[in-house]
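Notes to accompany the following structure.
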C-alpha cells in the first residue's frame, strides 16, 4: 500500500510542476486568440470569441515575416556549422592524444561561461568597423562562438561512450580512418549529434541580447528581437495579442523538433553493441 | 594464407616498462597458435601488435615473409575477432558480415551476397541475417563476429579471448566450432586466452607468456609433460601441480611427509643442491587400497590425514595438509605472486579414482612413483628434469 501512496504523491507533484511550467504557455495561446480590442475588458481566462485576427496581423507584417526568415536562416546555418565543426573537434578530443587537450577543453568551458553582455559593446563597434553590423554573418559568428563549446563538450561525451573496439574492428576490416569515422562512428553518434544540433538550434533561435544589439533593420533582425518592436495592426491598437500570436508561431518549431526527435535523443543506439 | 614471424618484438609504454619483452615466435602457415598467460602477461598486446592496433617499439614482424611493422591494420589483411565482438550495432547481421567486403571497391553486390550467404550458412546464421546484433544471443553474436572474419579471405585469423563473455556450456560448444572452422579453412590462427582448457584443446602449439616474456612454446602435450619451469608447470593443469620443498640427504630425498631413495635419473640433474622443489601432478598419486602389490613395489607410499574430499563423479580430489618447512627465495616468491599466490600450499592435492572410499578426516595411504617427479631449482624455478632448453 505504501508503494501506491508514494506513486500517488509523485503524480500530484508531477501535475503541479506541469501546471506551473505550462501555465504561461497556455496563457500565451489563449491571449493570441483574443480580439485585440476587447482583451483588456473581457473577463475570463479563455477567449469568448476565438479569432485568428492576430495571426493574420503578424503574417501581414513585413517586420515579422522577414524576422522569421532571418531567424530560420541564421539558426539553421549556425547550427549546421557548429555541429560539423564540433563533431570533428569532439572526435579528436575523445580519440586522439595531443598536447594541450586539457587546456583546449577548459578554454572551451571558460568561453561557454563568458558573460555575453560584456561582449555586446566591443562587438557592436567591431562589427560596424568590419561592415558586418546588421548582417546574418554578424550574428552567426558570435552564435557559433557561444554554441561551439557546449556542442564540443556534449558530443565528446557521446563519442567517448562508443566502444573504441568498434573503430578498431573497422580498421582491421579494411577501413581507412575516415571510412571508420563515417561508416561506424557517425551513425553510432547520431543521437548525440541530434541532441547537440537541437540544443544549438534552440540557443540560436531564442537568443535575444545579441540579436537586438547587433541588428537595426529587417536585414538581419531575428524574431525575439523583432517582437520588441512590434505594434498592433494600427498604432492605436495594443500589440499584446499580436505579440502573443507571434510568440506562438516561433514556439511551434521548437515544440515540433522536440516531439520529433525526442525518441531519437533518448534511444540508445549503441545497446547491444558489445557483450551479451 | 601466410606464416607469421616475430623477431625480438618489444613493446614499451611511456613509463619504459616493457609490456612485451624480446618475443620471438614462428607461426607456421595454417598453424593454430595459442598465446596464453595470466592477466597482464602481454598476450593481448602481442596480438594487437600483430594486427597493427599497437605500435611495435622494436623488433620485426613478418607476415608471409614481408615486414609489416609500419603497415596500417587495413593493409595487413588479417581478420580479428574481438573479446566484445565489436559488432556494428546500427547494421544488420548481413551488413555486419558484408562490411569488410563493401570497403573494397572492386566487389559487386552479387559477389558480396554470395560470400555472405556462404559464410552465414557455415555458421548457421542464415535465418538471422536481417536482424540487428542487439536482438541476438551471445553465441550468435560470436558467430557474426566470426562470419565477418571468414568472408575476408584473410591471411590469418586473430582471436582476442573470444569466448570469455559466454557461459560455460556455450563456451565449450563454440570452442569446438572454432576448432572445426580452423581445420576446415586451414588458415593460420593466433588465439589469445587466459583459459588453459582453451589453450590445451585448441592449439597446435601453445606459447606461454609471463610478464611479457615467452616462457615456453610447445605442443599442449609437451607443455604439460615437460614444463621448462615452475611457472609453466603451475599454470598448466587443473588442479595445479603440487610443489613440495625437498631436502637432499645424501642419496635420499626428504619430503615433509616421506623420504625415499633418489631415483637414478634424478641424481645428475639435482647435482649437489641441498634444497629443491619437487613437482607432482595430482593424478600421479594413487590410493594404496586400490592397487595391486606388483605396482606398489615400484613406488613410494606414505600416510596422510585427509582434510576434505571433492567428489566430481569421474574423479575426486583429496586435500592432505602437511607442515611446510621454511624455505623461500626471491625467484620463488615472484613465481608465486604471478600465479596468484597458490603455488606453494602446505597441502597436497591428490586426484583419486572415483572408486576410492577415502573420506573427510580419514587417514589415507597414498602412493606415487618417484621416477615421474619434476624437480625444480629453488632459486630460478627452472625444471632440472627437462633436457630441452627454454627458448625455441
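Protein chains in written order, with our numbering: chain A, 489 to 764; chain B, 32 to 423. Glycine included, every Cβ here is placed at the ideal spot set by N, Cα and C.
Listing by chain order, which chain A residues have their CB less than 8 Å from the CB of residue 44 of chain B? As a position in the second chain, residue 44 of chain B is number 13, starting the count at 1. Neighbours of residue 44 of chain B on chain A: none; closest Cβ ~12 Å, over 8 Å.
Measuring straight from C-alpha to C-alpha, what distance separates residue 419 of chain B and residue 256 of chain B? In the second chain, the residue the question calls residue 419 of chain B occupies position 388. In the second chain, the residue the question calls residue 256 of chain B occupies position 225. Caution applies to residue 419 of chain B, whose pLDDT of 42 falls short of 50 and renders its modelled position unreliable; the model cannot decide the point.
Would you check whether the ligand COA has a heavy atom nearer than 6 Å to the C-beta of residue 555 of chain A? With respect to small molecules bound, the structure shown includes none, and the ligand COA cannot be examined in it.
N-terminal and C-terminal residue of the beta strand (DSSP E) that residue 325 of chain B is part of: Within the second chain, numbered from 1, the residue matching residue 325 of chain B stands at position 294. Note, residue 325 of chain B: premise wrong, no beta strand (DSSP E); alpha helix (DSSP H) at 324-327.
Among A:527, A:674, A:495, A:497, the one whose alpha carbon lies nearest that of residue 726 of chain A: On the first chain, residue 726 of chain A is found 238 positions in, with the first residue counted as 1. Looking at the Cα atoms, A:527 is the closest of the given residues.
Can you find a C-beta in chain A that's less than 7 Å from the C-beta of residue 117 of chain B? For the purposes of this step, residue 117 of chain B is taken as residue 86 along the second chain, with counting starting at 1. Answer yes: the Cβ-Cβ gap between residue 117 of chain B and chain A drops below 7 Å somewhere.
Would you list, in sequence order, the uninterrupted beta strand (DSSP E) runs of no fewer than 3 residues that lie entirely inside the segment 139-202 of chain B? 187-191
Identify whether residue 493 of chain A lies in helix, strand or coil by the three-state DSSP scheme. Start at 1 with the first residue of the first chain, and residue 493 of chain A comes out as number 5. Helix.
N-terminal and C-terminal residue of the beta strand (DSSP E) that residue 356 of chain B is part of: On the second chain, position 325 is the one that residue 356 of chain B refers to. Segment: none, residue 356 of chain B is in no beta strand (DSSP E) and carries neither H nor E.
Hey, out of A:749, A:748, A:742, whose CA is closest to residue 513 of chain A's CA? Here residue 513 of chain A is taken as the residue at index 25 of the first chain, counted from 1. Selected option, being the one with the closest Cα: A:742.
What are the partner residues of residue 398 of chain B, as DSSP defines its beta bridges? Position 367 of the second chain, counting from 1, holds the residue named residue 398 of chain B. Answer is B:317, B:332, bridged to residue 398 of chain B.
Would you kindly check if the distance between the Cβ of residue 68 of chain B and the Cβ of residue 466 of chain B is under 7 Å? Nothing about residue 466 of chain B can be reported from this structure: the residues present for chain B run from 32 to 423 only.
Three-state class that DSSP yields for residue 290 of chain B in the structure shown: Taking the second chain and counting its residues from 1, one reaches residue 290 of chain B at position 259. The answer is strand: DSSP assigns residue 290 of chain B an E or B state.
Can you list, in chain order, the stretches of the alpha helix (DSSP H) that have 4 or more residues and sit fully within the segment 625-677 of chain A? 652-660, 665-668
Beta-carbon gap between residue 566 of chain A and residue 632 of chain A smaller than 7 Å: As a first step, residue 566 of chain A is located in the first chain; it is residue number 78 there, counting from the start. As a first step, residue 632 of chain A is located in the first chain; it is residue number 144 there, counting from the start. In this structure, residue 632 of chain A lies closer than 7 Å to residue 566 of chain A by Cβ.
If contacts are defined as beta-carbon pairs under 8 Å, then residue 310 of chain B and residue 407 of chain B qualify, I think. What distance do you get, rounded to the angstrom? Along the second chain, read from residue 1 onward, the residue named residue 310 of chain B stands at position 279. Along the second chain, read from residue 1 onward, the residue named residue 407 of chain B stands at position 376. About 6 Å; that satisfies the 8 Å criterion.
Going by beta-carbon coordinates alone, are residue 129 of chain B and residue 147 of chain B separated by less than 7 Å? Along the second chain, read from residue 1 onward, the residue named residue 129 of chain B stands at position 98. Along the second chain, read from residue 1 onward, the residue named residue 147 of chain B stands at position 116. Their beta carbons are under 7 Å apart, which means residue 129 of chain B touches residue 147 of chain B by this criterion.
Roughly how far, in whole angstroms, is the beta-carbon of residue 222 of chain B from the beta-carbon of residue 58 of chain B, given that I think they are within contact range, below 8 Å? Walking along the second chain from the start, residue 222 of chain B turns up at place 191. Walking along the second chain from the start, residue 58 of chain B turns up at place 27. That pair is no contact at about 11 Å.
Are the C-beta atoms of residue 660 of chain A and some chain B residue less than 7 Å apart? The sequence position of residue 660 of chain A within the first chain is 172, counting from 1. Answer yes: the Cβ-Cβ gap between residue 660 of chain A and chain B drops below 7 Å somewhere.
Check the Cβ-Cβ distances between residue 35 of chain B and every residue of chain A, and say whether any is below 7 Å. Residue numbering aside, residue 35 of chain B sits at position 4 when the second chain is read from its first letter. With 7 Å as the cut-off, residue 35 of chain B does not count as an interface residue toward chain A.
Please identify the residue among A:665, A:699, A:654 whose C-alpha is closest to the C-alpha of residue 615 of chain A. As a working note, residue 615 of chain A is residue 127 in the first chain. Closest option to residue 615 of chain A, Cα to Cα, is A:699.
Could you name the residues that DSSP lists as bridge partners for residue 414 of chain B? Position 383 of the second chain, counted from the start, is the residue given in the question as residue 414 of chain B. Answer by DSSP bridge pairing, in chain order: B:407.
Over what stretch of residues does the alpha helix (DSSP H) that includes residue 716 of chain A continue unbroken? Position 228 of the first chain, counted from the first residue, corresponds to residue 716 of chain A. From DSSP, residue 716 of chain A is part of no alpha helix (DSSP H); its letter is neither H nor E.
Beta-carbon within less than 6 Å of residue 762 of chain A's beta-carbon, same chain only, minus the 5 sequence neighbours each way: which residues are those? Stepping through the first chain from its first residue, residue 762 of chain A is reached at position 274. Bear in mind that a pLDDT of 41 at residue 762 of chain A, under 50, signals an unreliable position, so the model cannot answer this.
Through-space distance from residue 110 of chain B to residue 658 of chain A, alpha-carbon basis: On the first chain, position 170 is the one that residue 658 of chain A refers to. On the second chain, position 79 is the one that residue 110 of chain B refers to. The alpha-carbon atoms of residue 658 of chain A and residue 110 of chain B are separated by roughly 10 Å.
DSSP three-state label for residue 38 of chain B, please. Here residue 38 of chain B is taken as the residue at index 7 of the second chain, counted from 1. Residue state, collapsed to three classes: strand.
Mind checking the segment 95-106 of chain B against chain A and listing, in chain order, the residues whose C-beta falls within less than 8 Å of any C-beta there? 103, 104, 105
DSSP puts residue 545 of chain A in a beta bridge; with which residues? Counting from one through the first chain, the residue named residue 545 of chain A turns up at place 57. None; residue 545 of chain A has no bridge partner.
What number of angstroms, rounded off, separates the C-alpha of residue 759 of chain A from the C-alpha of residue 736 of chain A? What you label residue 759 of chain A is simply residue 271 of the first chain in a count that begins at 1. What you label residue 736 of chain A is simply residue 248 of the first chain in a count that begins at 1. No answer about residue 759 of chain A holds up, because its pLDDT of 39 lies below 50 and its placement is not dependable.
Exposed unless 16 or more other CB atoms sit within 10 angstroms - verdict on residue 744 of chain A: Counting from one through the first chain, the residue named residue 744 of chain A turns up at place 256. With fewer than 16 Cβ atoms within 10 Å of its Cβ, residue 744 of chain A is classed as exposed.
Within the 7 Å Cβ cut-off, does residue 679 of chain A reach chain B? Numbered from its first residue, the first chain carries residue 679 of chain A at position 191. So no, residue 679 of chain A is outside the interface.
Residues in the segment 130-143 of chain B with C-beta within 8 Å of chain A's C-beta atoms, listed in sequence order? 130, 131, 134, 135
Length of the line joining the Cα atoms of residue 517 of chain A and residue 647 of chain A: Position 29 of the first chain, counting from 1, holds the residue named residue 517 of chain A. Position 159 of the first chain, counting from 1, holds the residue named residue 647 of chain A. If I take the Cα positions, the gap works out to 40 Å.
Use the C-beta contact count for residue 357 of chain B: other C-beta atoms within 10 angstroms, 16 or more gives buried, fewer gives exposed. Along the second chain, one-based indexing puts residue 357 of chain B at 326. Exposed, by the Cβ-count rule.
In chain order, what residues of the segment 673-698 of chain A put their CB closer than 7 Å to some CB of chain B? 675, 676
Assuming residue 35 of chain B and residue 277 of chain B form a contact by the criterion Cβ under 8 Å, report the distance between their Cβ atoms to the nearest whole angstrom. For this step, residue 35 of chain B is matched to residue 4 along the second chain. For this step, residue 277 of chain B is matched to residue 246 along the second chain. No, residue 35 of chain B and residue 277 of chain B are not in contact; Cβ-Cβ is about 42 Å, not under 8 Å.
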